[in-house]
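Under numbering that gives the first Met the number 0, the residue at position 64 of the sequence shown is numbered 63, and the numbers go up by one with no gaps. Virtual Cβ for every residue (Gly too), placed ideally from N, Cα, C. What follows is a set of notes on a single structure, which appears directly below.
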Amino acid sequence: MSEQYREPEPCYLPRSEINKFSKAVIKHFNYNPGDDLLPIVQALGGCIIYDDLWELKESDSGSVVIENPTEFRIILANHTSRLRDRFTICHELGHYFLHYLLSKERTPMRAARYGQSRAETEANWFAASFLMPEEEFRDYYNTVNGDLLLLSENFQVSQQAAAVMARHLGLP
Numbered sequence: 000m001s002e003q004y005r006e007p008e009p010c011y012l013p014r015s016e017i018n019k020f021s022k023a024v025i026k027h028f029n030y031n032p033g034d035d036l037l038p039i040v041q042a043l044g045g046c047i048i049y050d051d052l053w054e055l056k057e058s059d060s061g062s063v064v065i066e067n068p069t070e071f072r073i074i075l076a077n078h079t080s081r082l083r084d085r086f087t088i089c090h091e092l093g094h095y096f097l098h099y100l101l102s103k104e105r106t107p108m109r110a111a112r113y114g115q116s117r118a119e120t121e122a123n124w125f126a127a128s129f130l131m132p133e134e135e136f137r138d139y140y141n142t143v144n145g146d147l148l149l150l151s152e153n154f155q156v157s158q159q160a161a162a163v164m165a166r167h168l169g170l171p
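Below, the structure is given as structure tokens:
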């Protein structure tokens, strides 16, 4: 990581507070499950860059580089699936909101997707609760009797992400 960029520092909010925060962001942007994420990224001043697998360093695939509150870029490898990309985009937005905007330090930040740090976990919590709000997920889960394919299609996430959310919610 370049010395001009700081790494994300955890905000140490509990998961329940991160869920509430993601609900506020959902409401602010009038987001509905499955909606396109690009308009949100652009409204915040960001862009999404798809780069060739061979051009990316391992830690660059799925990263966010934030220059200031209205200028950031999310970098994705162009070989991943659309559903995986949606989760990654929301994960990087989690870093933007939780580890940049909520931080007192407004120096440039770069979050590379690697490891299992607390900041990475918080960004995952944000992404999961943004893409699959718990109440809506639970209701739809019951409607489709836990069918992971239908959950995946409705929330536009991978079946793996839907399965992780179902386990988190203690659904059978």
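Just how far apart, CA to CA, sit residue i and residue j?
i           : j           : result
residue 98  : residue 8   : 6 Å
residue 15  : residue 89  : 17 Å
residue 59  : residue 72  : Below a pLDDT of 50, predicted positions are generally treated as unreliable, and residue 59, at 49, falls in that range; the measurement from the model is reported next regardless. One C-alpha to the other measures close to 12 Å.
residue 86  : residue 128 : 10 Å
residue 111 : residue 6   : 8 Å
residue 169 : residue 141 : 12 Å
residue 57  : residue 145 : Confidence at residue 57 is low in this model, with a pLDDT of 46, below 50, so the placement of that residue should be treated as unreliable; the coordinate-derived value is given next. Their backbone Cα atoms lie some 35 Å apart in a straight line.
residue 118 : residue 62  : 13 Å
residue 165 : residue 47  : 29 Å
Quick one: give me the first and last residue of the alpha helix (DSSP H) that residue i is part of.
i           : result
residue 105 : Where residue 105 is concerned, there is no enclosing alpha helix (DSSP H), given that its DSSP letter is neither H nor E.
residue 138 : 133-142
residue 45  : Residue 45 -> not in any alpha helix (DSSP H); beta strand (DSSP E) instead, spanning 45-50.
Please state if the CB of residue j and the CB of residue i are separated by a distance shorter than 8 Å.
i           : j           : result
residue 68  : residue 92  : no
residue 163 : residue 130 : no
residue 76  : residue 35  : no
residue 147 : residue 139 : no
residue 28  : residue 96  : no
Is the closest heavy atom of the ligand FMN to the C-beta of residue i under 7 Å?
i          : result
residue 37 : In terms of ligand content, the structure shown is empty, and the ligand FMN therefore cannot be addressed.
Where does the unbroken beta strand (DSSP E) through residue i begin, and where does it stop?
i           : result
residue 40  : Per DSSP, residue 40 belongs to no beta strand (DSSP E); it is in the alpha helix (DSSP H), 37-42.
residue 67  : 62-67
residue 28  : Here residue 28 belongs to no beta strand (DSSP E); instead the alpha helix (DSSP H) covers 14-28.
residue 154 : Note, residue 154: premise wrong, no beta strand (DSSP E); alpha helix (DSSP H) at 147-154.
residue 70  : 70-76
On the premise that residue j lies in contact with residue i, defined as a C-beta separation below 8 Å, what is that separation, rounded to the nearest angstrom?
i          : j          : result
residue 30 : residue 39 : 7 Å
Any idea which residues DSSP pairs residue i with across the strands?
i           : result
residue 111 : 62
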